[in-house]
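Worksheet: the structure to be examined is printed underneath.
Protein chains: 2
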Amino acid sequence: MFKSKSKKDKTKEIITVRDVIQVDREILDNISSLIEIKAEKSLLNIFADLHTADIAEIINRLDTEDAKYAFSILNTEDASEVLLELDENIREKILKDITPDKISDIVDELETDDATDIVSELPEHVADHVLKTMDKEDSIEVKELLKYPEDSAGGIMSSDYVYVLNSATVKDAIKEIRKHADEYEHIYYVYVLTSEDKLIGVTSIKSLLINEPSKKVTSIMDEDLIYVTPEVDQEEVAQIMEKYDLVSIPVVDSDKVMLGRITIDDVVDVIHEEASEDMQRIAGLSEEQEQSDSFFRISRIRLPWLFVGLFGELMNALLLSNYQDMLIKFVIATFFFPVIMAVGGSSGTQAAIVMVRGFSTGDLWISESLKKLAKEFFVALLNGLVLSIVLFGITYYFFSDQLNFIIILSLSFTVVIVFATMIGAIIPIVLKKFGADPAIATGPFVTTLNDIIGLSVYLTFITIFVA
Amino acid sequence: MFKSKSKKDKTKEIITVRDVIQVDREILDNISSLIEIKAEKSLLNIFADLHTADIAEIINRLDTEDAKYAFSILNTEDASEVLLELDENIREKILKDITPDKISDIVDELETDDATDIVSELPEHVADHVLKTMDKEDSIEVKELLKYPEDSAGGIMSSDYVYVLNSATVKDAIKEIRKHADEYEHIYYVYVLTSEDKLIGVTSIKSLLINEPSKKVTSIMDEDLIYVTPEVDQEEVAQIMEKYDLVSIPVVDSDKVMLGRITIDDVVDVIHEEASEDMQRIAGLSEEQEQSDSFFRISRIRLPWLFVGLFGELMNALLLSNYQDMLIKFVIATFFFPVIMAVGGSSGTQAAIVMVRGFSTGDLWISESLKKLAKEFFVALLNGLVLSIVLFGITYYFFSDQLNFIIILSLSFTVVIVFATMIGAIIPIVLKKFGADPAIATGPFVTTLNDIIGLSVYLTFITIFVA
């Protein structure tokens, strides 16, 4: 359906087909016109055929007032699901206009991990009101979950899991699933706990189905547990779940007392978030940019790192001004500033991104860093030599009367590439060792540093050997 | 366990604890020593306590001969799981040394989608032999799956799904699950098909558990289907599954005939693969670099885009050489080459990465491109003006005797930033429109282009207004 239907068909589908509809520009325009004339009934008619994720995608693209109106006509259940999928800045604007009581109703519909995310974004007095008026049991759990940092296992776990005691039978476990089936969206496993809430095993719904109802769960449960403690970073949780192909992972404290569980859908979001974060660092964005951001906000997100580049390269300008007399005599040296900067910079970025990627996928262990650096050194030397020989050949063709200069240019080029590669490789390791985000090393900071070091090396070589 | 235990504890765990062990340098070293003395029994003892994903992580780090030995002592079932997790180049080396008959045995253990991946990597005559000697039914399915491109929905789907006819009851569906429970690892849904194999609904294991065994599956199934056709790109599959929070998605042909299903664990791999691919483009790597790559291979992966940078910037050098006389007179102009190049380049990269990211997450529709470009233009103009004013202030402090020059420098700086941003934003859109990977725009190619255009604009301004 997503590919094969023509545009004409799609409009018809809104009315006739029960399958989920992919939203597009046309549907967005239709909805915008209907909002303008406040055609609530027709809008709800369209929304009824859309998945809540698509309604959110539409609302993300509307003007603030239209977005508020569209959200306001949704029933509480749909509103809760749409809210989760909205861009953060749109969500903030919409929530500002809703009464705390309505927010409570919406939050009551959510699983505890999602409810916690929403509550944590609210202004304190609104959050307090919501926590007081929402379902009591949920409120206690949300307060508990609010204690953990947002990007830790505790911050993304949910308290909505199905468990049985170790004395239970398969039949008991199935009964327990039935009890929670409506309330919990994702049930893949039943956890087996001792009377002190300690996790001792796990069994899949699949194995409950294929085993005799009278069997003890302890006889069919899997005891090779893979779990995390609440302080584990969400990126590590994602790595573990990906590595072991898990759809759900339990979170326990140091005594193995069960605290919650994390499901794969949240981890898919984490993987995306972390990839976005890496990209953001590489692009030199100070915060994540969302599609619905205003151009003032985009400007504010992008300027800080552009200033880092500006100030760094102004230092470079002052450095160069010290070589003024030499540069007037050897103006040819200035022609190769771009070569030195760009190729040096690219070598450094290549090394940095490979390191950062290795750390963030878990494929690279910090204990292997030295071995890796040795490899980087040889790669840099080899590439530096190859590139320098080509550089020499080409420049000799164009500037054959300046043999001395181009020999020194080519030699310093190798040194620059080795320096830049090693800086690109070392900085992520150092950042990682000190607990900082290694991805910072891929951004404008290191490129600027490499420009300064590269030009210094180049000009020093020329001063010593040519000028 | 992953965080709280000390190193000492970990070594003990190998023998005493049944929980899964995280591998580290120490375990790797122990295993290396045991391989050296071919201590097969002790090795198998350690492997028995490791998850197959961890055994693969160890083997990825061994020398080729050691890796082959470690793999050879595994039983067929473990070998099949380990094989899937190995780096591609290690897998290739290991498979080269194994008889086609043993490969058949290993492939027989795999689900059809994984079996297809392995067979597609084999040399043709080995693949033919494996397809002939493996389980007949699986062989037919694998041959069918081999027809689809590797990165399409067809290429990542599996034929191992549970289905019932529309006449079936809940009890029948449970019976069907029992029949396949051993063979299929991931069972979350049962698909409901007509006698012509057309997909008409889906029901989760959870709803089978909570409904009466005598009920018809058609009365409990979900008819709001979300599915893909086999030619859909795997990145789009990942976007759809992420958007709608799916753990499994059916693949059907244009007549809705069921062909297979894709599970979330494969999609998590796709998300990682696509993020790695984007990173690889940004870093200017010609292929993906794996941790186990030799330094010759790494050099070969990195050199092509470094050459693009080298040749592009050499064109820049020739361009600059045309301005030789002017540059000797105004050597101060050369001091600001780094500022022009670096800040222009960063502005372009910021715009390009935001566009590429928007396309790859599906947050940005191609139909919104013009609106986005208008926004980019205003962002660029605003940032250009802000940065130029700061540039003017600082340079005026240091070079106040060159007022004419620094006015022109600041003016051209704004123009360069606007140009670079727009090029960074437009090229991904053009690439996307023509079906190419927009991420190419984030690499050295566009940076080099921006350097050439930036310096041209700058020098043209100086020639006209100052020199």
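Chains A and B are the protein sequences, given in the same order. Under this note's numbering, read the first sequence as residues 1 to 467, first letter to last. Under this note's numbering, read the second sequence as residues 468 to 934, first letter to last. Quick reminder that beta carbons are idealized off the backbone N, C-alpha and C, glycines included.
Contact list for residue i against chain B, beta-carbon separation under 8 Å
i, result
"E277 (chain A)", "What E277 (chain A) touches in chain B: nothing, since even the nearest Cβ is about 11 Å away."
Neighbourhood of residue i by C-beta, 7 Å cutoff - its chain only, sequence neighbours within 5 removed
i, result
"I482 (chain B)", "Confidence at I482 (chain B) is low in this model, with a pLDDT of 26, below 50, so its placement is unreliable and no value can be given for it."
"D114 (chain A)", "L84"
"Y458 (chain A)", "I340, S412, V416"
"M221 (chain A)", "V192, G201, V202, T203"
"E783 (chain B)", "A small fix is needed here, since residue 783 (chain B) is Asn in this sequence, not Glu. Excluding sequence neighbours, N783 (chain B) sits near D918, I919, L922."
"N404 (chain A)", "V466"
"I873 (chain B)", "F859, T862, Y863, F866"
"D233 (chain A)", "D151, S152"
"T583 (chain B)", "V609, L612, L613"
"E376 (chain A)", "A351, T421, M422, A425"
"L495 (chain B)", "I525, R528"
Short Cβ contact (7 Å threshold) for residue i with residue j
i, j, result
"M355 (chain A)", "P428 (chain A)", "yes"
"L787 (chain B)", "F335 (chain A)", "yes"
"L553 (chain B)", "A520 (chain B)", "no"
"V574 (chain B)", "I585 (chain B)", "yes"
"S158 (chain A)", "E111 (chain A)", "yes"
"I353 (chain A)", "T421 (chain A)", "no"
"L385 (chain A)", "T414 (chain A)", "yes"
"K899 (chain B)", "I799 (chain B)", "no"
"N60 (chain A)", "I90 (chain A)", "yes"
"Y244 (chain A)", "I271 (chain A)", "no"
"L773 (chain B)", "K723 (chain B)", "no"
"G936 (chain B)", "S292 (chain A)", "Since the first and last residues shown for chain B are 468 and 934, residue 936 (chain B) lies out of range."
Residues that residue i contacts on chain B, provided the C-beta gap is smaller than 9 Å
i, result
"A181 (chain A)", "K673, S674, L676, I677"
"H544 (chain A)", "As displayed, chain A neither begins before 1 nor continues past 467, which places residue 544 (chain A) out of reach and without an answer."
Contact list for residue i against chain B, beta-carbon separation under 7 Å
i, result
"V386 (chain A)", "L770"
"R25 (chain A)", "W832, S834"
"P444 (chain A)", "S813"
"L306 (chain A)", "V810, S813, S814, N850, L854"
Option in the options with minimal Cα separation from residue i
i, options, result
"I707 (chain B)", "A:K256, A:R261, A:V232, A:D265", "A:D265"
"D172 (chain A)", "A:L208, A:R61, A:L225, A:S367", "A:L208"
"E236 (chain A)", "A:E212, A:V257, A:L131, A:I262", "A:I262"
"E223 (chain A)", "B:I654, B:L529, B:D516", "B:D516"
"F778 (chain B)", "A:S388, A:D451, A:P123", "A:S388"
"V597 (chain B)", "B:I565, B:D627, B:E643, B:E617", "B:I565"
"L303 (chain A)", "B:I795, B:V810, B:S743", "B:V810"
"F886 (chain B)", "B:T930, B:T816, B:V735", "B:T816"
"S761 (chain B)", "A:N322, A:L382, A:Y227", "A:L382"
"K474 (chain A)", "A:A425, A:L44, A:H51, A:M326", "Only positions 1 to 467 of chain A appear in the structure, and residue 474 (chain A) is not among them; the question remains open."
"I177 (chain A)", "A:K206, A:L199, A:T194", "A:K206"
"V164 (chain A)", "A:I140, A:L74, A:K216, A:A283", "A:K216"
"V637 (chain B)", "B:T661, B:S686, B:E652, B:D664", "B:S686"
"T930 (chain B)", "B:D868, B:N789, B:F901, B:Y536", "B:N789"
Proximity test, residue i beta-carbon vs the ligand COA heavy atom, cut-off 6 Å
i, result
"K143 (chain A)", "The ligand COA is not part of this structure, which contains no ligands at all."
Contacting residues, own chain, Cβ-Cβ under 8 Å from residue i (five flanking each side not counted)
i, result
"D720 (chain B)", "T696, P697, L726"
"G154 (chain A)", "L145, K147, Y148, P230, E231, V251, L259, G260"
"D476 (chain B)", "Caution applies to D476 (chain B), whose pLDDT of 36 falls short of 50 and renders its modelled position unreliable; the model cannot decide the point."
"E183 (chain A)", "D160"
Neighbourhood of residue i by C-beta distance below 6 Å, restricted to the same chain and skipping five residues each side
i, result
"H180 (chain A)", "V162"
"L831 (chain B)", "G825"
"T915 (chain B)", "G776, G779"
"D135 (chain A)", "D108"
"P590 (chain B)", "none"
"S248 (chain A)", "Y188, Y189, R261, T263"
"K560 (chain B)", "T531"
Contacts of residue i in chain A (Cβ-Cβ under 8 Å)
i, result
"F762 (chain B)", "K375, F378, V379, L382"
"S547 (chain B)", "Those do not exist, as S547 (chain B) stays about 14 Å from chain A at its closest Cβ, beyond 8 Å."
9 Å Cβ cut-off: residues of chain A touching residue i
i, result
"G860 (chain B)", "By Cβ distance, chain A contributes nothing, its closest Cβ being about 11 Å from G860 (chain B), past 9 Å."
"L943 (chain B)", "Nothing can be reported for residue 943 (chain B): it is not among the residues displayed for chain B, which extend from 468 to 934."
Which runs of the alpha helix (DSSP H) at least 4 residues long sit entirely within the segment 208–281 of chain A? Give them in chain order. Runs of the alpha helix (DSSP H) inside the segment 208–281 of chain A: 217–220, 234–243.
Taking only runs of the alpha helix (DSSP H) that begin and end inside the segment 310–352 of chain A, which ones reach a length of at least 4 residues, in chain order? The qualifying runs are 324–329, 332–335.
Segments assigned alpha helix (DSSP H), at least 4 residues, entirely inside the segment 109–176 of chain A: The qualifying runs are 112–121, 124–133, 136–146, 153–156.
Taking a Cβ distance cut-off of 7 Å, strictly less, list which residues of the segment 805–832 of chain B are near chain C, in chain order. Although the question refers to chain C, the structure presented lacks it and instead comprises the protein chains A and B.
In the segment 857–926 of chain B, which residue ranges form an unbroken alpha helix (DSSP H) of at least 4 residues, counting only runs that do not cross its ends? Counting whole runs of 4 or more residues, the segment 857–926 of chain B contains the alpha helix (DSSP H) stretches 870–900.
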